[in-house]
Amino acid sequence: DAMVIQNPRYQVTQFGKPVTLSCSQTLNHNVMYWYQQKSSQAPKLLFHYYDKDFNNEADTPDNFQSRRPNTSFCFLDIRSPGLGDAAMYLCATSRDRGRPQHFGDGTRLSIL
Amino acid sequence: GESVGLHLPTLSVQEGDNSIINCAYSNSASDYFIWYKQESGKGPQFIIDIRSNMDKRQGQRVTVLLNKTVKHLSLQIAATQPGDSAVYFCAENPDKLIFGTGTRLQVFP
Chain A
12 DAMVIQNPRY QVTQFGKPVT LSCSQTLNHN VMYWYQQKSS QAPKLLFHYY DKDFNNEADT
72 PDNFQSRRPN TSFCFLDIRS PGLGDAAMYL CATSRDRGRP QHFGDGTRLS IL
Chain B
184 GESVGLHLPT LSVQEGDNSI INCAYSNSAS DYFIWYKQES GKGPQFIIDI RSNMDKRQGQ
244 RVTVLLNKTV KHLSLQIAAT QPGDSAVYFC AENPDKLIFG TGTRLQVFP
């Protein structure tokens, strides 16, 4: 059974139209992460939550925001998607800092 | 527009042969390394990890070797199977995973 679930698997949005991607976990892990992965590249960390504490990477554009309303759910909001934001977005969780991360299967975002 | 993706290094092996995938890291202070396998259309899957106080760790059909002197990591897959076909990433630092470029493993019959 999937333990890190991302919905939807494929998302299409229009240029400049806000979009939200969701992630849920059944592992009760403290830490949740969002990564961006472009074609033939490695995943790149955008930000992570340690419990309720939000940690943004220095080079993550302001266009990207995140919310974690409870332990199980985490959302990625893209306020004004541009063509360069088309990518696979991966959610991951870990029990605690310093522990292996478990990934969902991602949401592939396309921008029209 | 979208940036052009990097061309992934590719390793082609015959089914049944052993595979060796290499990775170099830059941070000499890194003390924890992980190998992930990513199949097409899926998220990365944890394979094996190793801490810097070890130089070798074995799992089922996989072995990771760590050479801290030259900052090099390798993943050995014994008796490679078609199901091993995927992109393999090494990563350092579990708190803020920094992934290497990745290597595409292709297994042919």
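For the protein sequence lines, the chains are A and B, in the order given.
For the record, in the first sequence the residue sitting at position 34 is 45 according to this note's numbering, with numbers rising by one throughout.
For the record, in the second sequence the residue sitting at position 35 is 218 according to this note's numbering, with numbers rising by one throughout.
From the three backbone atoms N, C-alpha and C, an ideal C-beta is built for every residue, glycine too.
Any idea which residues DSSP pairs H113 (chain A) with across the strands? Here residue 113 (chain A) refers to the residue found at position 102 of the first sequence. A:T104, per the DSSP bridge assignment.
Helix, strand or coil for L288 (chain B)? Go by DSSP, reduced to three states. The residue labelled residue 288 (chain B) in the question sits at position 105 within the second sequence. L288 (chain B) falls in the strand class under three-state DSSP.
Cutting at 8 angstroms between CB atoms, please list the residues of its own chain near N201 (chain B), excluding the five before and the five after it. Looking up residue 201 (chain B) in the second sequence gives position 18. Excluding positions up to five away in sequence, the list reads Q259, I260, A261, A262 and T263.
Closest Cβ-Cβ distance between G226 (chain B) and chain A: below 7 angstroms? As a working note, residue 226 (chain B) is residue 43 in the second sequence. True, the Cβ-Cβ gap to chain A drops below 7 angstroms.
Three or more C-beta pairs below 8 angstroms linking the region 235 to 247 of chain B and the region 105 to 118 of chain A: By the Cβ rule, the region 235 to 247 of chain B does not count as touching the region 105 to 118 of chain A, because fewer than three pairs are nearer than 8 angstroms.
C-alpha gap between F125 (chain A) and M43 (chain A), whole angstroms: Missing from the structure shown is residue 125 (chain A); chain A here goes from 12 to 123 and no further.
Which of helix, strand or coil DSSP assigns to D96 (chain A): The count along the first sequence starts at 1 and reaches residue 96 (chain A) at position 85. Three-state result, D96 (chain A): helix.
Is there a Cβ of chain A sitting closer than 7 angstroms to that of D200 (chain B), yes or no? Residue mapping note: residue 200 (chain B) aligns to position 17 of the second sequence, counting from 1. Output row for D200 (chain B): interface = no.
Using a Cβ cut-off of 7 angstroms, which residues of the region 35 to 68 of chain A contact any Cβ in chain B, in chain order? K49, S50, S51, Q52, A53, P54 and L56
E275 (chain B) lies in the beta strand (DSSP E); which residues open and close that run? Start at 1 with the first residue of the second sequence, and residue 275 (chain B) comes out as number 92. Membership of E275 (chain B) in the beta strand (DSSP E) is indicated by the continuous run A269 to E275.
Terminal residues of the beta strand (DSSP E) in which A207 (chain B) lies: The residue labelled residue 207 (chain B) in the question sits at position 24 within the second sequence. Residue range S202 to A207 is occupied by the beta strand (DSSP E) that includes A207 (chain B).
Residues that DSSP places opposite L258 (chain B) in a beta bridge: What you label residue 258 (chain B) is simply residue 75 of the second sequence in a count that begins at 1. The partner list for L258 (chain B) (beta bridge, DSSP) reads B:I204 and B:V247.
Are the C-beta atoms of D278 (chain B) and some chain A residue less than 7 angstroms apart? To locate residue 278 (chain B), count along the second sequence from 1; it is residue 95. True, the Cβ-Cβ gap to chain A drops below 7 angstroms.
Would you decide whether L123 (chain A) is buried or exposed? Buried here means 16 or more other CB atoms lie within 10 Å of its CB. Here residue 123 (chain A) refers to the residue found at position 112 when the first sequence is read from its first residue. Classification of L123 (chain A): exposed, given that the 10 Å Cβ count is below 16.
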